[in-house]
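Residue numbers (this note's numbering): 203 to 474.
The next block holds one structure in the form of structure tokens; read it before the comments.
Right, here's the structure in full:
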């Protein structure tokens, strides 16, 4: 199955589950459709660098202040049994994708829930044979993980348009197309969906305001296609994430992540 075919199927499924909406504007959904092998590899490297400094050890992480491990170059979320978080879980979807592409994930990776129930347990087993083997497999499948992240991005636009108010759809689609007109803009669209989601999940909001790709595109100022659009996307992403931090529960201490999040957004305005 091709990546594009999978993405379209994902989009159809998500849209079928969304509330009824007026017709979605027609048009192409261009992000990542014409990437060269070199561009795909560069995007994968940048995402890996963004998430864990490009290190093999960073392929299995449990960040301080979080209730779940994050795995792979995209730090795919994997919930422990019994935990119901507000963020969209992505590790099981990646494993299913990998198997459909003919890969054989390690047995530990194929469990429905994270085998580690706490950060302390995770850290205690960091150098175990099971986790070391998982990192080795992840390091050998970076192109596959990149393809999964790209597929999620391709599915995002039709999903966002289905969820957005009819009055905002033309702006969302126009900004998406403007940003995707350069290679760094295409990278930005791909990375941000993996980083903070598409913005359509009801659970991914603080005080009724989301922080995903939908909100970033909707918050962009008027701009021309090309490098200017990529730069404005980066600025809108920083504004969106600053609003998330301001709206977040104080106990989460999200201000500690501001600098790192903003540094990541700055990469969207730079050449791929």
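C-beta: ideal position from N, C-alpha, C; glycine also.
None of the values given here were measured: they were computed from a predicted structure.
{"Item": "Proximal residues to residue 244 (C-beta, below 7 Å), its chain only, five neighbours per side dropped", "Value": "474"}
{"Item": "Where residue 229 sits in the DSSP three-state scheme", "Value": "Caution applies to residue 229, whose pLDDT of 41 falls short of 50 and renders its modelled position unreliable; the value that the coordinates give is listed next. Residue 229 falls in the coil class under three-state DSSP."}
{"Item": "Between the CA atoms of residue 346 and residue 240 - distance to the nearest angstrom", "Value": "14 Å"}
{"Item": "Opening and closing residue of the alpha helix (DSSP H) in which residue 372 lies", "Value": "368 to 381"}
{"Item": "Range covered by the alpha helix (DSSP H) that runs through residue 358", "Value": "344 to 365"}
{"Item": "Sequence-distant residues of the same chain with beta carbon closer than 6 Å to residue 438, five excluded per side", "Value": "418, 421 and 422"}
{"Item": "Coil, strand or helix - residue 388 by DSSP", "Value": "helix"}
{"Item": "Span separating the alpha-carbon of residue 459 from that of residue 274", "Value": "20 Å"}
{"Item": "Length of the line joining the Cα atoms of residue 440 and residue 276", "Value": "19 Å"}
{"Item": "Cα-Cα separation between residue 351 and residue 446, rounded to whole angstroms", "Value": "23 Å"}
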